[in-house]
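Residue numbering for the sequence shown follows the numbering used here, beginning at 34 and increasing consecutively.
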Amino acid sequence: MGRRKLVVGNWKMNGLRAQLGEVEAIGRAAGEHPAVEVGLCVPATLIEPARAVAGAAFIGAQDCHGARSGAHTGCLSAEMVREAGAGWVIVGHSERRTDQHESSADVAAKALAAREAGLKVILCLGESLDTRDGGKALDFVLEQLARSLPEGAGADWLSIAYEPIWAIGTGRIPTMEQIEEMHGAIRGALREALGADAADGVRILYGGSVNAGNAADIFALPDVDGGLVGGASLKAESFAPIIAAAA
Ligand SMILES: O=C[C@H](O)COP(=O)(O)O
34 MGRRKLVVGN WKMNGLRAQL GEVEAIGRAA GEHPAVEVGL CVPATLIEPA RAVAGAAFIG
94 AQDCHGARSG AHTGCLSAEM VREAGAGWVI VGHSERRTDQ HESSADVAAK ALAAREAGLK
154 VILCLGESLD TRDGGKALDF VLEQLARSLP EGAGADWLSI AYEPIWAIGT GRIPTMEQIE
214 EMHGAIRGAL REALGADAAD GVRILYGGSV NAGNAADIFA LPDVDGGLVG GASLKAESFA
274 PIIAAAA
């Protein structure tokens, strides 16, 4: 289907200027695998300096506000992170849905604001362990997708990341069958919402304890178009083999 693999590191609340050497090394690793689109979503404070050293890797932000400007102390608009040098932004990460109580409607607004500012968007979805154990993971994630999907969504600016909450930072991943089933269901829902042509271009990433040992198997699954990587993206040593696995 011709979707280029996409591997994105999410540094979360990690990284000072002292770590820019890692950004540079990851940029070099990205340059060795031009078949893969590689990026790093860094803390907002690092967007500008990271951009200067990131080479073949793009730099993204981890969130933006749904409004263009206004009385929102401590928040950053999409235009602000764009001006700082971000080309992409993550919206709807489960850590923000939980810690900042972001609803799916908030997430859809953030995605639209990001698009208006010219950013590409990675929209995150994922179920809790209780939901998975209760047999409701598919229903939950598809509902989250329906409520979070911004109007006018298209493959040219939107990617989806499926990140089961119980797999994030735990070293535990779903079975390959569970990943395949979920990604297939997300693709099906996108086809219904956007039409087959648009939906088939949207990249669907898997996230949650991706590492050098499991990346190749996960990335080989149908409808898995790459990964959103947390802990293993903090160092070039652990991120470069994941990029290579996608190539
Ligand atoms: O955004 C990235 C994910 O939350 C995955 O994090 P992790 O690779 O540390 O499990």
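Note that CB positions come from ideal geometry on N, CA and C, so glycine has one too.
Drop a sphere of 10 angstroms on the beta-carbon of residue i, count the other beta-carbons inside from all chains shown, and report buried for 16 or more, exposed for fewer.
i, result
"L49", "exposed"
"P255", "exposed"
"M46", "exposed"
"Q133", "exposed"
"H105", "exposed"
"P207", "buried"
"R220", "buried"
"A253", "exposed"
"D250", "exposed"
"E225", "exposed"
"A194", "buried"
Taking 6 Å as the cut-off, is the CB of residue i close to at least one heavy atom of ligand 1?
i, result
"N247", "no"
"V124", "no"
"S136", "no"
"E196", "yes"
"G202", "yes"
"S242", "yes"
"N43", "yes"
"V71", "no"
"G234", "no"
"V262", "yes"
Which residues share a DSSP beta bridge with residue i?
i, result
"F91", "G72"
"N43", "C74"
"W190", "For W190, which the question treats as bridged, DSSP gives no partner whatsoever."
"V124", "L156"
"I237", "I193"
"G259", "L39"
Closest to residue i by C-alpha separation, out of the options, would be which residue?
i, options, result
"F272", "N244, M209, D132, A253", "N244"
"Q211", "D233, E112, D166", "D166"
"G264", "D250, G241, A249", "G241"
"A90", "L182, E70, E176", "E70"
"A150", "A170, Q177, E176, R101", "R101"
"E116", "A277, R130, L152", "L152"
"E135", "D96, A58, E112", "D96"
"F173", "R205, S137, T203, W190", "S137"
"P274", "A51, A62, Q52", "A62"
"A248", "A278, A58, L79", "A278"
"R205", "W190, G246, H216, A229", "G246"
"T78", "T203, W190, C108, A179", "C108"
"R130", "R236, W190, G120, Q177", "Q177"
Verify whether the separation of the beta carbon atoms of residue i and residue j is less than 7 Å.
i, j, result
"V257", "Y239", "yes"
"A147", "G187", "no"
"V75", "W44", "yes"
"A144", "P82", "no"
"E55", "A269", "yes"
"A141", "S192", "no"
"H126", "S110", "no"
"G159", "I198", "yes"
"C157", "E214", "no"
"G118", "I155", "no"
"L267", "A218", "no"
"G234", "K38", "no"
"G60", "V41", "no"
"A222", "L175", "yes"
"V124", "A94", "no"
"A68", "A200", "no"
For residue i, decide whether its Cβ has a neighbour in chain D, counting only Cβ atoms nearer than 7 Å.
i, result
"R84", "Absent here is chain D; the protein component of the structure consists of one chain."
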